[in-house]
Ligand SMILES: Cc1cc2nc3c(=O)[nH]c(=O)nc-3n(C[C@H](O)[C@H](O)[C@H](O)COP(=O)(O)OP(=O)(O)OC[C@H]3O[C@@H](n4cnc5c(N)ncnc54)[C@H](O)[C@@H]3O)c2cc1C
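In our numbering, the protein residues as written are 45 to 368.
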């Protein structure tokens, strides 16, 4: 049974949903000891609570230096956590920034890396990662061979986050020393894109998404109104983001984000394979499209055939009335 270290992404000690999903995967699919690594300010405040997800030991580096310099400090901290935990496998959220950290650490430690896993299975004493390829049309199964550390990147929402009700985690402070090389690139500014008070897509339990069928950028006001009435995040198809109707960070799909909310509502989205690759594991899918043959209806739990401009306004009104 492999011992697994999970690199926990957090916001001042509050773990992101994807990290809780990975801890659950480590516990359920790994079978060995589960440890966590948390870096950055506030890391220590959230570490003990990870025991609820089966974490025996949390290795923390609670330092502003983690975010003050690009990449290198996190690499140093990750190396320290891997050494201290002696884990066989590192699970990390498949996220662009972390991918940079992982790549450097993997070269230094001669680890094997599998990116973008959507499932994990235990075969012998090794975890095998399943990847969805060609927009989800095919899957491939990948295993790190040889006697080397295994770094497995897992996509958000590939697993449900389930508490195990364990004892508080033992918190171990890491001793991370940064040399001048690690301080070469300093972060001078961080610009947070305004979210309009809406939840982040990969964290949201409800998403309302719009596509080319909206006709123009103005059409997204309706999508936003329904999202706000439901307390949901706003998503978009690539056709909509490429047209400049909505920011690219809201794109769902193969080249966008993978989401798996409890409820996904798509309006004016045809359901191309590349879009479905990013949302088809949503628990309940509601699709609004004027074309009864639209491919998205093949995976929809509720298919509403009609003009979204006639369907959305009364729907927004009704939801707002019921939630008032
Ligand atoms: C390599 C590659 C990667 C890609 N990655 C992504 C990705 O990550 N995400 C993604 O979304 N796409 C991606 N695409 C693009 C994808 O193939 C589709 O082109 C795109 O998803 C289509 O977006 P859409 O559904 O909004 O538009 P369309 O396919 O044009 O569909 C619009 C739909 O709106 C309906 N409609 C029109 N008017 C109304 C109305 N008034 N009321 C109700 N329904 C209406 C139409 O019937 C139609 O079904 C990728 C493509 C490639 C080649």
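Cβ coordinates follow ideal geometry from the N, Cα and C atoms, glycine included.
| Check | Outcome |
| --- | --- |
| Compute the beta-carbon to beta-carbon distance between residue 253 and residue 279, rounded to the nearest angstrom, for a pair I have assumed lies under 8 Å. | 3 Å |
| How is residue 55 classed by DSSP in three states: helix, strand or coil? | strand |
| Check whether the region 61–69 touches the region 198–214, taking contact to mean three or more Cβ pairs, one atom from each stretch, closer than 8 Å. | yes |
| For the 8 Å Cβ check, are there 3 or more pairs between the region 219–229 and the region 177–191? | no |
| Since residue 50 sits in a beta bridge, which residues does DSSP pair it with? | 80 and 135 |
| For residue 49, is the classification buried or exposed, using 16 other Cβ atoms within 10 angstroms of its Cβ as the cut-off for buried? | buried |
| May I have all residues whose beta carbon comes closer than 5 Å to any heavy atom of ligand 1, sorted in chain order? | 255, 256, 257, 281, 282, 283, 297, 298, 299, 300, 312, 313, 314, 316, 318, 319, 333, 334, 335, 338, 351 and 352 |
| Residue 119: buried (16+ other C-beta within 10 angstroms of its C-beta) or exposed? | buried |
| Measure the Cβ-Cβ separation of residue 352 and residue 312 and say whether it is below 7 Å. | yes |
| Compare the C-alpha of residue 92 against each of 346, 211, 306 and 365 and name the closest. | 211 |
| Can you tell me the Cα-Cα spacing of residue 139 and residue 263, whole angstroms? | 30 Å |
| Would you list the residues sitting across from residue 333 in a DSSP beta bridge? | 349 |
| Count the other C-beta atoms from every protein chain shown that fall within 10 angstroms of the C-beta of residue 230, then say buried if there are 16 or more, exposed otherwise. | exposed |
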